[in-house]
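K.L.:
Residue numbers (the working numbering): 62 to 212.
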Ligand SMILES: [Zn+2]
Ligand SMILES: [Zn+2]
Ligand SMILES: [Zn+2]
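1) What is the DSSP secondary structure of residue 163, reduced to helix, strand or coil?
2) Give the DSSP bridge partners of residue 107, in chain order.
3) Output needed for residue 108: all residues of its chain with C-beta closer than 7 Å, excluding positions within five of it in sequence on either side, in chain order.
4) Considering Cα atoms alone, identify which of 93, 129 and 140 is closest to residue 74.
5) Flag this pair as touching only if the stretch 173-180 and the stretch 150-165 have three or more C-beta atom pairs under 8 Å; answer yes or no.
6) Whole angstroms is fine: what's the gap from residue 146's alpha carbon to residue 86's?
7) Tell me whether the beta-carbon of residue 91 lies closer than 8 Å to the beta-carbon of residue 71.
8) Within a Cβ cutoff of 8 Å, which residues of the same chain sit near residue 185, ignoring the five residues on either side of it in sequence?
Listed below in structure tokens is the structure:
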């Protein structure tokens with residue numbers, strides 16, 4: 062996602078999260094806010110230890126479990142997606158509604174773009190039914206080359 066004011070993405074994400082926490086009556090603590098801000102540093106996925114080392118560089122060295130707990134919280138609230146295949150995290154573009162999503166992962170630049178195609182979800186749900194399997198949630202990770210890298 063080139064040529065855009067990314068600061069707006071960050072501001073939006075933090076504002077949305079703060080509002081949702083208020084609505085849901087959960088605490089948006091300083092560490093949770095800072096971790097979310099770092100996840101949103103770019104549209105690339107980021108690993109937990111990179112978050113840790115950035116936080117350490119910026120002064121107060123946080124305890125690793127604190128950061129992992131903050132990440133768990135952010136994933137639980139739907140503010141952040143875990144990219145299982147990379148063991149990394151990426152900010153969610155619409156945390157206000159829970160959704161099954163498809164993550165388009167660029168193998169070149171690491172950018173993760175979200176696709177939320179309802180048809181994919183419906184198809185998979187129906188297909189799983191033929192196996193009498195009830196799906197809880199679907200996060201698909203799709204690898205390829207993004208628009209920007211294909212230029
Ligand atoms: Zn952005
Ligand atoms: Zn999302
Ligand atoms: Zn790319």
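Glycine included, each C-beta is placed from N, C-alpha and C at the ideal position.
Bear in mind that the values here come from a model prediction, so they are computed numbers and not experimental data.
P.N.:
Concretely, from the data shown:
1) In the displayed model, residue 163 falls within a strand according to three-state DSSP.
2) 150
3) 148 and 149
4) Taking only the C-alpha atoms, the option nearest residue 74 is 140.
5) yes
6) 32 Å
7) no
8) 196 and 199
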